[in-house]
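Accompanying notes for the structure given below.
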Amino acid sequence: MTIQTRIEDAAQASKGIAARTNPDQVRHDWTREELQALYDLPFSDLIFEAQIVHRRWFKSNEVQMSTLLSIKTGGCPEDCGYCAQSSKFDTGLKASKLMEVQKVLAEAQRAKEAGATRYCMGAAWREPKDRDMDAICAMVSGIKEMGMETCMTLGMLSGQQVHRLAQSGLDYYNHNIDTSEEYYPKVIGTRTFQDRLDTLERVRNAGINVCSGGIVGMGESQSDRLGMLMALANLPEHPQSVPINMLMPMEGTPMGLSEKVEPLDFVRMIAVARIIMPQSVVRLAAGRELMSDEQQALCFMAGANSIFVGDKLLTAKNPEADKDKVLLDKLGIVSMPAHNCPSEKTASADR
Ligand code: SAM
Ligand code: SF4
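Quick note: the sequence shown uses my numbering, first residue 14, plus one each step.
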């Protein structure tokens with residue numbers, strides 16, 4: 014085979030891949046078979062396809078940087094089998110009360126100075142109590158005044174609570190579906206998959222951007238992993254932000270001894286998420302601490318374009334800021350400016 018023929022063959026193959034994916038099309042009718050076919054592509058074809066989609070909607074070297082703070086830690090009544098904050102398991106974690114507003118604002122200011130453009134706050138609650146909503150809303154409006162995007166993850170929400178958060182200007186609400194509908198009861202017994210979908214619907218209908226994804230590495234099958242992505246992609250609107258967590262095994266939890274996810278399987282998951290939710294920011298969330306630089310680089314190539322920065326993720330470890338800076342500099346990655354997600358809803362101030 015001459016070099017010329019080889020180049021022509023390669024060009025032909027690329028056209029074939031480009032023809033299969035229409036990066037302009039946002040679909041909500043994905044089937045498990047289609048996801049499986051994408052997942053099973055030869056690795057470099059899958060990454061190439063993910064890149065076509067990624068470059069259509071995002072700047073190829075921009076990554077959105079969020080910082081996450083636990084505003085209420087531990088003592089949660091839910092029994093999520095992966096979580097160190099559940100009161101159902103003996104994990105040795107000390108429970109604390111909701112942080113004071115001023116302390117949260119001071120932490121947010123520090124994160125802003127360190128380069129974060131979005132401030133995410135998480136509480137170990139099944140759902141917030143109405144009496145906590147004044148403090149929560151004061152945190153949101155205070156951080157918005159600093160010019161950062163805001164995100165909260167507080168568990169299930171009533172319609173009234175969603176309304177209050179929307180009024181306070183909340184940009185994003187995180188509520189993960191965690192796994193496929195079929196595997197869900199093996200992970201959590203105190204609430205249902207449908208409960209999660211109901212809260213997501215309330216948040217979406219209030220005009221708040223949705224952040225929803227899940228976890229891999231909890232003993233689920235590959236089909237469950239794709240089932241989780243399919244459930245997210247077939248929601249009436251794609252979540253604007255899709256965090257893909259790799260399980261951080263927590264001592265004392267039922268999933269504390271789960272087997273590690275094969276690194277290339279994780280990269281394939283990211284690529285499929287990128288292809289089927291083209292306008293969403295795909296976040297490499299928990300578990301980055303357990304990944305090599307090379308695996309993270311492959312995830313970025315596969316279309317991941319959001320990370321948590323800061324050395325703590327609620328109660329788990331995250332790579333240190335200096336280590337992240339070195340890696341991102343090596344890869345030529347820069348911070349995505351706030352409000353740059355193509356599917357993001359109008360700034361909450363205009364709601
Ligand atoms: N209590 C709220 C809830 O569950 O929606 C908010 C906080 S919760 C800790 C936020 C998310 O963190 C969970 O939905 C889960 O996906 C993720 N998470 C918690 N523990 C984890 C672990 N050990 N490894 C990976 N992800 C984890
Ligand atoms: Fe509670 Fe959230 Fe942990 Fe589940 S994931 S136990 S709801 S803090």
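Built from N, CA and C at the ideal position, the CB exists for glycine as well.
Over what stretch of residues does the alpha helix (DSSP H) that includes residue i continue unbroken?
i       : result
Asn-218 : 206-218
Ile-60  : 56-70
Glu-307 : 306-314
Asp-147 : 146-158
Go to residue i, then tell me how far its beta strand (DSSP E) extends in each direction, as first and last residue.
i       : result
Pro-276 : Counting along the chain, Pro-276 falls outside any beta strand (DSSP E), though it belongs to the alpha helix (DSSP H) covering 276-289.
Arg-177 : Here Arg-177 belongs to no beta strand (DSSP E); instead the alpha helix (DSSP H) covers 172-181.
Let me check one thing: in DSSP terms, what residues is residue i bridge-paired to?
i       : result
Arg-296 : Pro-256 and Ser-319
Thr-203 : Answer is none; Thr-203 lacks a bridge partner.
Leu-82  : Met-134
Asn-222 : Tyr-185
Ile-228 : Asn-258
Val-347 : Glu-75
Cys-89  : Ser-99
Return helix, strand or coil for residue i, following the three-state DSSP convention.
i       : result
Cys-164 : strand
Gln-49  : helix
Glu-75  : strand
Arg-238 : helix
Leu-118 : helix
Asp-363 : Reliability of the predicted coordinates at Asp-363 is poor, the pLDDT of 46 falling under 50, and the value obtained from them is presented with this limitation in mind. Reduced to three states, the DSSP call for Asp-363 is helix.
Tyr-186 : strand
Met-112 : coil
Arg-131 : strand
Asp-191 : strand
Ser-356 : coil
Gly-269 : coil
Just checking my contact of residue i with residue j at CB under 8 Å: how many whole Å lie between their CB atoms?
i       : j       : result
Ile-289 : Leu-48  : 7 Å
Met-263 : Cys-96  : 7 Å
Leu-311 : Val-280 : 5 Å
Met-169 : Glu-140 : 4 Å
Quiz item: Within the chosen definition, does the region 57-75 reach the region 228-243 through at least 3 CB pairs nearer than 8 Å?
Solution: no
Quiz prompt | Any 3 or more C-beta pairs closer than 8 Å across the region 118-134 and the region 147-163 | solution = yes
Quiz item: Taking one C-beta from the region 204-224 and one from the region 267-283 each time, how about it: are there three or more such pairs within less than 8 Å?
Solution: no
Self-check item: Inter-stretch contact (C-beta, 8 Å, three-pair minimum) for the region 49-61 and the region 102-120
Solution: no
Quiz item: Would the region 316-336 and the region 293-304 be scored as touching if the rule is three or more Cβ pairs under 8 Å?
Solution: yes
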